[in-house]
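Read in order, the letters of the sequence shown correspond to residues -25 to -1, 1 to 782 in mature numbering (1 follows the signal peptide of the UniProt record, and there is no 0).
Glycine included, each C-beta is placed from N, C-alpha and C at the ideal position.
Computed from a predicted model, the values in this text were never measured in an experiment.
Worksheet: one structure, shown below.
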Amino acid sequence: MECKGFSSLVICMATFLSVVSVSNGDMSYSIAEETKLGFVVGNIAKDIGISKKAMQTRRARLNTVGSRKRYCDINLETGDLFVAERIDREQLCGPRASCNLNFEMVLENPLELHRISVHIVDINDNSPMFATDIIKFEISESTEKGARFAIDEAHDADIGANDVQNYSLEKNDYFVLDVHSNNGKEKYGELVLEKKLDREQQREIKLTLTASDGGIPQRSGTVVIHVVVLDANDNTPVFSQSAYRVSLPENSPIGTEVVKVNATDADEGANGQVTYDFVRISEDLSKLFSLDHNTGSIQLSGHLDFEEEVSYDLRIRAKDAFGLASFTSVIVDVVDVNDNAPQISFQSGTHYIAENAPPGSEVGIINLQDKDSGANGRVHCSIQSNVPFKLNPSIKNYYSLLTTAELDRERIPEYNLTITATDEGMPPLSSFQTIHLLLSDVNDNPPTFEKQSYSAYVTENNKPGTSMWTPVCSVLARDPDWRQNGTVLYALLPSGVSGVPVSSYLSINAETGVIQALRSFDYEHFRNLEVQIVATDNGSPPLSRNVTLSVFITDENDNSPQILYPAPDGKSVITEIIPRTALSGALLSKVIAVDDDSGQNAWLSYEIVRSTDPGLFTIGRHSGEIRAQRDISESDNLRQNLIISVKDNGLPSLSSSCVVYLLLSDNLSEVPELKDTTEENSTKLTFYLIIALVLVSTFFLTFIILILTLKFCHWRKPRLFFDGAVAIPSAYYPPNYAEAEGAGTLRSSHNYDSYLTTGSRTSDFKFVRSYNENTLRTSNTLETCQNNAVQAAMITPNREDADEVRY
């Protein structure tokens, strides 16, 4: 805005000179009307003493009070209060001397309210205007000097010094202008007759009346006064009251009679006929009120609104047929009616609240507005009682919405709060608003397993990697939290089983909780294990819970029965001596067997598969006891061989067999066949042993000679076979070895005694016993000898009349 000249300088000073006062949270500014958009009225942040950043973080906002338009707004980045819409004081406040825009600035966290008043300064932007272009008077020529004729005042929409200040009348011979003030408010003029009219000399007089305001620059308006000289009409109409005052409810229907004015004229005939009209009425008022020109009845032609205007001042003129007139005022006071329900505004940056918010946390701010006044505008606010929230009155028309208890999103994830606002009018009006609040999730729930513990059964010899679970009994933990807080991952807690990490036995799918075996189990060595499974959510910080898993290995029939007595075929021959005097049912022997499996897989049954005399012996199916099925007779064979089969009860069944050798005799010396056979077998065994010893010794001596020869060649000079002074003859054997019947060598630390038949203890066949334990080893020689010796030895139970082999 450019300020040129004295008049413009005054306008600029009124526009840019804003007076700020801060007291008890109230601020006042002044600006001129018609100020350009974006003009900075003042810096609110600086005036209330907060930083510009706090204007944003505390979500400063401006609420208008009593106005439907937002004429000013706040720049949150700079803290400036600026003009947002065109401000026309005349349109905004009309004829009121004081024109203010009232705002409420709200700051959150903590809640703070500042009242802002912007005073609108009037500028001289309107010229004085008369109601008509011509003012017509019909004045009788008999009118005496000094007669006064009222002139309709000019109207200027501006106020104060910018309103109409002076009237000037075109210079003439008959009239002068006398200016008056209407109750100290408006000025109007009267034509004063200074020289008697003479209709015969001049029948019409036209004068120019100019109305000027006091603004800078000065503005003016003109009207033509047309005076028609008539014959005598010496009485003017007189109103019954100098002013009329009436009250009218704002909800009065159209057509309601506001008031009826009355003026009388003492003249008779046409000079006494009075008509009524509005002296000066705006376009808006002409839509609200209508006047009957003949009766003086003023009626309501529009809807009144107390919130728009509380009072109206109407100027009424009564005029007779010849132009004599008088004036009166009609003041209409609008009575407020409770016709506006309260308005509820929920002001919050977000509709989310954390579920771990402590009681007393502020959720948002509720602002109540009611355009009515008095008791009709006093509002009370409430909330339903079954929610953990309450309303706390803060400052005027503001409530804080607070929590009253701990919240739990998993129990109630959202709330619909109904806010009720009721005024004190008669009848009271209410309004409702529903606020939808959502609870944001906090990781406050650990995963929970469906069971307190889990058990699994795995058959031994399982295939590694196969699933141990069916979907019905999978390890499953649930977390009622949301999204990543409710995502559950599974893991095995580190532990050991017999010194081996549990992770080498089992693995778990981190997402599904399916457990797999990593190795094959053996029931006979490993029957159960116990592991801890941990379920952890993905929250921050993560929460977890453990559960115990017990894995039981179930037996499978994978072990054949093991016969302890007698030894199975190929290991040893056991001969039982059975007296021929044995009777039917006598216990002759017993087969002893065990099974490493368990349960029914270890239930054993015994059966004679084949025997020399099928009808002579029987065996207990479950005891293994061999009994005589009948009395033994002299005709039965001397030798009885029984092939016994031992089966378990598994599926499929596994079995083992053994041979039981029975000898029917009361005296072993009576059986030459057995003796001869035993001696023959012993002789063959001795022969084979001697041959083996000779071969091993020969190989050993050859190896020693070869080694010494290589060393001799390497040194390239004659050397003895040994570094010592004593030479060992070729026929000499180390002291750790002993010769058995001139053939082969054996370690003397091993002693073999063999007794073949009952009389064999007197036999000369006996291995040499050595007393030296420091025997020289040769590669594989001793082992070969020992194996041959073992194969030759026949071990039998130590019975009084049985052959015995000791190893």
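Exercise. Let me know the secondary structure DSSP gives HIS500 once reduced to three states.
Key: Residue numbering aside, residue 500 sits at position 525 when the sequence shown is read from its first letter. Correct three-state label for HIS500: coil.
Quiz item: Smallest Cα separation from GLY135: which of ASN101, GLU116, VAL151 and PHE150?
Solution: Locating residue 135 in the sequence shown gives position 160, counting from the first residue. For GLY135, the nearest C-alpha among the options comes from ASN101.
Practice problem: Give the range of the beta strand (DSSP E) segment to which ILE229 is assigned. | Solution: Looking up residue 229 in the sequence shown gives position 254. Note, ILE229: premise wrong, no beta strand (DSSP E); not H, not E.
Quiz prompt | beta strand (DSSP E) segments (min. 3 residues) lying fully within the region 27 to 112 | solution = 36 to 40, 47 to 50, 55 to 58, 75 to 82 and 87 to 96
Exercise. Check whether the region 164 to 180 touches the region 145 to 152, taking contact to mean three or more Cβ pairs, one atom from each stretch, closer than 8 angstroms.
Key: By the criterion of at least three beta-carbon pairs nearer than 8 angstroms, the region 164 to 180 is in contact with the region 145 to 152.
Quiz item: So what does DSSP say about TYR149, is it helix, strand or coil?
Solution: In the sequence shown, residue 149 corresponds to position 174, counting from 1. Note: TYR149 maps to coil in three-state DSSP.
Quiz item: The alpha helix (DSSP H) with LEU382 in it runs from where to where?
Solution: Counting from one through the sequence shown, the residue named residue 382 turns up at place 407. Here LEU382 belongs to no alpha helix (DSSP H), and DSSP marks it neither H nor E.
Quiz item: Based on the DSSP secondary-structure assignment, which residues constitute the bridge partners of ASN342?
Solution: To locate residue 342, count along the sequence shown from 1; it is residue 367. ASN342 pairs with SER320 and TYR373.
Quiz item: Using the C-alpha atoms, what's the distance from GLU284 back to SER348?
Solution: For the purposes of this step, residue 348 is taken as the residue at position 373 of the sequence shown. For the purposes of this step, residue 284 is taken as the residue at position 309 of the sequence shown. Cα to Cα, SER348 sits roughly 12 angstroms from GLU284.
Exercise. Consult DSSP for PHE264 and reduce its assignment to one of helix, strand or coil.
Key: Position 289 of the sequence shown holds residue 264. Strand at PHE264.
Practice problem: Note down the Cα distance separating ILE528 from GLY471, rounded to an integer number of angstroms. | Solution: Position 553 of the sequence shown holds residue 528. Position 496 of the sequence shown holds residue 471. About 17 angstroms.
Practice problem: Spell out whether any CB of chain B is found under 7 angstroms from the CB atom of THR197. | Solution: The chain inventory of the structure shown lacks chain B, comprising one protein chain alone.
Quiz item: By DSSP, does ALA136 sit in helix, in strand, or in coil?
Solution: If you number the sequence shown from 1, residue 136 lands on position 161. Here ALA136 sits in helix by DSSP.
Quiz item: In this structure, does DSSP put VAL477 in helix, strand or coil?
Solution: Working through the sequence shown from its first residue, we reach residue 477 at position 502. In the structure shown, VAL477 falls within a helical segment according to DSSP collapsed to helix, strand and coil.
Quiz item: Per DSSP, which one or two residues make a beta bridge with residue 817?
Solution: Residue 817 lies beyond the stretch modelled for the chain, which goes from -25 to 782, so this question has no answer here.
Quiz item: With which residues is SER5 paired in a DSSP beta bridge?
Solution: For the purposes of this step, residue 5 is taken as the residue at position 30 of the sequence shown. Answer is HIS94, bridged to SER5.
Quiz item: Quick one, are the C-beta atoms of ASN99 and ASP133 less than 7 angstroms apart?
Solution: In the sequence shown, the residue the question calls residue 99 occupies position 124. In the sequence shown, the residue the question calls residue 133 occupies position 158. Yes, the pair counts as a contact, with Cβ atoms nearer than the cut-off.
Practice problem: With ALA20 as the anchor, note down where its alpha helix (DSSP H) starts and where it stops. | Solution: Position 45 of the sequence shown holds residue 20. From DSSP, the alpha helix (DSSP H) with ALA20 extends over 19 to 23.
Quiz item: Closest to ALA106 by CA distance: which of ARG290, ILE23, LEU664 and THR397 is it?
Solution: To locate residue 106, count along the sequence shown from 1; it is residue 131. Measuring from the Cα of ALA106, the nearest candidate turns out to be ARG290.
Practice problem: Leaving out five residues on either side along the sequence, give the residues of the same chain with a beta carbon under 7 angstroms from the beta carbon of GLY41. | Solution: Stepping through the sequence shown from its first residue, residue 41 is reached at position 66. Cβ within range, chain order: ASN77.
Practice problem: Could you tell me which residues DSSP pairs with HIS201 in its beta bridges? | Solution: Counting from one through the sequence shown, the residue named residue 201 turns up at place 226. DSSP, once it has assigned bridges, lists LYS111 and LYS181 as partnering HIS201.
Quiz prompt | For GLY164, the first and last residue of its enclosing beta strand (DSSP E) | solution = As a first step, residue 164 must be located in the sequence shown, where it is residue number 189. Taken as a continuous stretch (DSSP letters only), the beta strand (DSSP E) holding GLY164 covers 161 to 168.
Exercise. Quick one: measure Cβ to Cβ for LEU413 and HIS326, integer angstroms, because I've assumed they're closer than 8 angstroms.
Key: Locating residue 413 in the sequence shown gives position 438, counting from the first residue. Locating residue 326 in the sequence shown gives position 351, counting from the first residue. Between HIS326 and LEU413 the Cβ distance is about 6 angstroms, and since that is below 8 angstroms, they are a contact.
Quiz item: Whose C-beta lies closer than 7 angstroms to the C-beta of ASN436 among residues of the same chain, with five residues either side of it excluded?
Solution: Along the sequence shown, one-based indexing puts residue 436 at 461. The residues are SER495, GLU531 and ASP533.
Quiz item: To the nearest angstrom, how far is it from the Cα of ASN642 to the Cα of ASP623?
Solution: Counting from one through the sequence shown, the residue named residue 642 turns up at place 667. Counting from one through the sequence shown, the residue named residue 623 turns up at place 648. ASN642 and ASP623: Cα-Cα distance of roughly 38 angstroms.
Quiz item: Terminal residues of the continuous beta strand (DSSP E) containing ASN521?
Solution: Looking up residue 521 in the sequence shown gives position 546. Where ASN521 is concerned, the enclosing beta strand (DSSP E) stretches over 519 to 529.
Quiz item: Would you report the Cα separation of PRO70 and LEU184, rounded to the nearest angstrom?
Solution: Residue numbering aside, residue 70 sits at position 95 when the sequence shown is read from its first letter. Residue numbering aside, residue 184 sits at position 209 when the sequence shown is read from its first letter. Using only the alpha carbons, I get a separation of about 24 angstroms.
Quiz item: Out of curiosity, what's the CA-to-CA distance linking SER272 and ARG36?
Solution: Mapped onto the sequence shown, residue 272 falls at position 297. Mapped onto the sequence shown, residue 36 falls at position 61. Approximately 49 angstroms between the Cα atoms of the pair.
Exercise. Report the three-state DSSP secondary structure of SER672 (helix, strand or coil).
Key: Walking along the sequence shown from the start, residue 672 turns up at place 697. Of the three classes helix, strand and coil, the one that applies to SER672 here is helix, per DSSP.
Practice problem: Less than 8 angstroms between the CB atoms is what I'm expecting for LEU266 and ILE229, so what's the real figure, rounded? | Solution: Working through the sequence shown from its first residue, we reach residue 266 at position 291. Working through the sequence shown from its first residue, we reach residue 229 at position 254. Actually they do not touch by this definition, with Cβ atoms about 15 angstroms apart.
Self-check item: Residue from ASP419, SER473 and ASN361 with nearest C-alpha to ARG458
Solution: Looking up residue 458 in the sequence shown gives position 483. It is ASP419.
Quiz item: Looking at the unbroken beta strand (DSSP E) that takes in SER631, where does it start and where does it end?
Solution: Residue mapping note: residue 631 aligns to position 656 of the sequence shown, counting from 1. Here the beta strand (DSSP E) through SER631 covers 630 to 639.
Quiz prompt | Selection from GLY560, GLY189 and TRP578 that minimises the alpha carbon distance to PRO627 | solution = Taking the first residue of the sequence shown as position 1, residue 627 is located at position 652. The option with the nearest alpha carbon to PRO627 is TRP578.
Quiz item: From the DSSP output, which residues share a beta bridge with GLY471?
Solution: Position 496 of the sequence shown, counting from 1, holds the residue named residue 471. Answer is PRO476, bridged to GLY471.
Quiz prompt | Contact set for ASN269: own chain, Cβ-Cβ below 7 angstroms, skip 5 residues either direction | solution = Stepping through the sequence shown from its first residue, residue 269 is reached at position 294. Hits under 7 angstroms: THR250.
Self-check item: Euclidean distance between Cα positions of GLU116 and ASN210
Solution: If you number the sequence shown from 1, residue 116 lands on position 141. If you number the sequence shown from 1, residue 210 lands on position 235. Here the alpha carbon of GLU116 sits roughly 14 angstroms from the alpha carbon of ASN210.
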